[in-house]
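The next block holds one structure in the form of structure tokens; read it before the comments.
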Amino acid sequence: MLILTRKMGEEITIGESIVISVLEIRGSQVRLGVSAPPDVTIHRGEVYERICEQNREVGAVALSQADALSERLRTIFPKPSLSESPT
5 MLILTRKMGE
15 EITIGESIVI
25 SVLEIRGSQV
35 RLGVSAPPDV
45 TIHRGEVYER
55 ICEQNREVGA
65 VALSQADALS
75 ERLRTIFPKP
85 SLSESPT
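Per this note's numbering, residue 5 is the first one in the sequence shown, and the count goes up by one each step.
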């Protein structure tokens, strides 16, 4: 982790297209501005964690639904046994 000290009005540049500016310092809070291209998503840490958790939950539901569908298809279309010849 890179640790930097910045004063009000100063900036940090990430790559060629992301700029983080210190806009305000009030007590123990710092207000930051982030300039980035539209294709770069920016989230506060706690929001990003919620998004990740929701994605995990959706993935788990989708996987269980896929498993149920797969099982259902196996009962509808069972594998032919090796002794059966195709017609």
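Beta carbons: idealized from backbone N, C-alpha and C, even for Gly.
| field | Alpha-carbon spacing of A72 relative to K83, whole angstroms | value | To locate residue 72, count along the sequence shown from 1; it is residue 68. To locate residue 83, count along the sequence shown from 1; it is residue 79. Taking the straight line joining both Cα atoms gives about 17 Å.
| field | Proximity to S21 [Cα-Cα], best of E28, P41, R48, T79 | value | Counting from one through the sequence shown, the residue named residue 21 turns up at place 17. Closest option to S21, Cα to Cα, is P41.
| Would V26 pass as a contact of R10 if the rule is Cβ separation under 8 Å? | What you label residue 26 is simply residue 22 of the sequence shown in a count that begins at 1. What you label residue 10 is simply residue 6 of the sequence shown in a count that begins at 1. The answer is yes: Cβ separation under 8 Å.
| In the structure shown, what three-state DSSP assignment does I22 receive? | Here residue 22 refers to the residue found at position 18 of the sequence shown. Of the three classes helix, strand and coil, the one that applies to I22 here is strand, per DSSP.
| R54 (DSSP reduced to helix, strand or coil) | Taking the sequence shown and counting its residues from 1, the one referred to as residue 54 is at position 50. For R54, the secondary structure class from DSSP, reduced to helix, strand or coil, is helix.
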